[in-house]
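Protein chains in written order, with this note's numbering: chain V, 3 to 511; chain S, 106 to 426.
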């Protein structure tokens, strides 16, 4: 059978960095092919070449046996390639219909195009189970539906090769299942699908064949049935990786954090937190699961002192002021609360500042780092260097600006800063978002070590796997409320998935 | 205020709203495409000077208009080059254009005509003449609507009608054509346009050039229709008022018409009633003159409510990896 896609000797360099090295790949039509690899392994570059964003320095692309030159997206679309990006490329205040026809209009006037697209969408909805209201405004749709619009966009342009870049990152387990159902259906109708992901479980679940990329090279291509997660992880990282966190049973001590009836309304008056009550004890990890946007971020921000709220918060039995404007992140840190914020690039680091400067932010008032208002730069630099070695930050150069580190190493900088203060309570949000497997392993070990030293840890993550493997207890948030709490040993993905979708369990809780 | 005075004020409202409207629609095209343009003022000013100069020398208002539009589009291209091609700061580029035009227009006028930076007064033929619509004089006798037709609707110069026609035209282009869809999209999310295989740069240049065209007409109107020649700083902040009207109108064409008429009305009031006597207190003429500008500040300070500008506005588009 002629491969739907055939790549030969694809190379691409950005300056001295060889992003893709002599890549060869064959994907048969009517299959789902997974591409897995760490951040910076060259997956995105390869896909950008396939979608005409970059031109390869060398190599050949054949689509259904015909050599093609893909100089821009238009050429890729013409060749039948559709792309669903990780960050959707939708115009938020346009309707579904307008987004679908954008760039694929039939003439200078919109009316006929819109009418045609409306009919076409109905047919696609019928053929593939892709139901979306064509007149809905994108910003009113949930992420799952926005993603469908992206798929519809590609199908409307007659794509028969569909590339999906990390498609499940923003979905609930149920939504992800639904997406996979759609993908299988598309495959059965003869479409070729390329799935880029870092989630080993997804590769195992849905793909027919899988390729592994490491440092710009395609290190293996094999049928999914002939491999397993451990094997794939090893091929990705180049060494053996522990996928499960080694975890001794928790030895919970005294209650460290206690919150009661925490309520928060945002600027537009929408309730973001609805009477949230939680406790976290010393030496245990409380995981907060939930689909992004259900109040977890706000909870972290309130606890971390980044925004005021109503309700009670006690730390080691003493009440903490969370309502007054004077209650800020600095006073929270002074009380012994460390915070690894969800968005390291916006809240955790100042990207244009060097690693050593970043290593003291939030603690730069401490007497060790400043005297009479003058920063003790030499001392900070020395401490930062040592810290970077302890946390295996690469490259271990404290003078390098934060933005020049990879995602995993940026996260290590933040985690190191907060963990090494030995806080009583550590708030940690999305500790491994956009972080390589190797660094994930390391960060998880650090979190476990901190727990075993008796720190109370509140972990927020949208990765259910991460919540399940790290937490001792798991609370699920939905629509600003705690839907339920379970011991980690006594629950599973299905039950948590239901809670995440807002379905209260029968006879539970 | 009697009926005749009211008509006079409304008539001059229309005249004064015209340059605002053209500039406002110019800004609308540019900003809807994601390019903020604070340089409307400068483009109008340059167009006013060059159109007056060329119209004087050639004796043809059409050549004047052409020259004015050309000058404005040249400055628009400069703004495009700075903010689209070189991804510079759009505000700074706009401010630079305003300064450039303020200085250059006077300098050139002085060099050519040696009349203290103004151009000589334009004679008939070198100005846009009022157009009398059919039956205008015949209908003048009809009570109430007769004078409205004769004075308010008829008897304006060509650019006035053009400006008001531009409102439905802009609406139609924006919401009923492919170009409009893409233009609005590129101001909201250029990445969506880019991945759809459409040139972000091309679209934005098109928008900026349309902006230049409309500003050019606005400038030419000032010097060859509203007045008879160019004088120093004759735009008098109209470019900024147009920007305020644009925000007030939340970047929508029909609302822009309303906003520009409001600002035009205030200018007309200020022009007609130089000082108002309010039972012992006389409001000085300066206050009346300042009224449109004061209102601009008030409106921008919060009367608008939440005006959401195009989301990608002001940000140069850089393709991500």
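Glycine included, every Cβ here is placed at the ideal spot set by N, Cα and C.
In the structure shown, the three-state DSSP call for residue 210 of chain V is coil.
By the neighbour-count criterion, in which 16 or more other beta carbons inside 10 Å mark a residue as buried, residue 92 of chain V falls on the buried side. Listed by position along chain S, the residues whose Cβ is nearer than 7 Å to that of residue 95 of chain V are 293. For residue 423 of chain S, no CB of chain V lies under 9 Å from its own CB, so it is not counted at the interface with that chain.
About 10 Å separates the Cβ atoms of residue 134 of chain S and residue 271 of chain S, ruling out a contact at the 8 Å cut-off. Spanning the alpha carbons of residue 127 of chain S and residue 362 of chain S requires a straight line of approximately 10 Å.
Listed along chain S are 282, 283 and 284, each with a C-beta nearer than 8 Å to that of residue 110 of chain V. Identification of residues in the segment 289-316 of chain S having a C-beta nearer than 8 Å to some C-beta of chain V yields 289, 290, 293, 294, 296, 297, 298, 299, 300, 301, 302 and 303, given in sequence order. Around the beta carbon of residue 480 of chain V, 16 or more other beta carbons sit within 10 angstroms, so the residue counts as buried. Taken in chain order, the unbroken stretches of beta strand (DSSP E) that lie wholly in the segment 276-331 of chain V and span 3 residues or more are 287-291, 312-317 and 320-322. Within the segment 176-193 of chain S, no residue has a Cβ lying closer than 8 Å to any Cβ of chain V.
Here the segment 347-367 of chain S makes no contact with the segment 492-509 of chain V; the two share fewer than three CB pairs at distances below 8 Å.
Taken atom to atom, the span from the alpha-carbon of residue 471 of chain V to that of residue 29 of chain V is near 34 Å.
Closest option to residue 159 of chain S, judged by alpha-carbon separation, among S:148, S:329, S:260 and S:266: S:329. Less than 9 Å separates the beta-carbon of residue 214 of chain S from that of residue 154 of chain S. Annotation: the continuous beta strand (DSSP E) that includes residue 167 of chain V extends over 163-167. Residue 118 of chain V sits in a helix when the DSSP states are folded into three classes. Restricting attention to S:322, S:320 and S:288, the CA atom closest to the CA of residue 306 of chain S is found in S:288. Assignment of residue 417 of chain V by DSSP, reduced to helix, strand and coil, places it in the helix class. Any Cβ of chain V closer than 9 Å to the Cβ of residue 357 of chain S would place that residue at the interface, and such an atom is absent. Chain V has a Cβ within less than 9 Å of the Cβ of residue 416 of chain S. Neighbours of residue 287 of chain S across chain V, judged by C-beta separation under 8 Å: 104 and 105. In chain order, 41, 436 and 437 place their CB closer than 6 Å to the CB of residue 409 of chain V, counting only its own chain and leaving out the 5 sequence neighbours on each side. Every unbroken stretch of the beta strand (DSSP E) spanning 3 or more residues and falling wholly within the segment 378-443 of chain V is given here in chain order: 427-431. Between residue 35 of chain V and residue 196 of chain V a beta carbon distance of about 5 Å is seen, short of the 8 Å cut, so the two are scored as contacting.
Three or more Cβ pairs drawn from the segment 144-153 of chain V and the segment 179-190 of chain V lie within less than 8 Å of each other, which places the two stretches in contact.
In the structure shown, residue 203 of chain S falls within a helical segment according to DSSP collapsed to helix, strand and coil.
Residue 341 of chain V: member of the beta strand (DSSP E) spanning 339-342, first to last residue. Within the DSSP secondary-structure output, residue 13 of chain V pairs in a beta bridge with V:60. Within the segment 24-36 of chain V, contact with chain S at the beta-carbon level (separation under 7 Å) is assigned to no residue.
Counting the other Cβ atoms within 10 Å of the Cβ of residue 273 of chain S gives fewer than 16, which makes it exposed. The C-alpha of residue 110 of chain V lies about 27 Å from the C-alpha of residue 87 of chain V.
Here the alpha carbons of residue 84 of chain V and residue 166 of chain S stand approximately 53 Å from one another.
In the DSSP assignment, residue 489 of chain V falls within the beta strand (DSSP E) that extends over 483-489. Ranking V:159, V:458, V:393 and V:495 by CA distance to the CA of residue 288 of chain V puts V:458 first.
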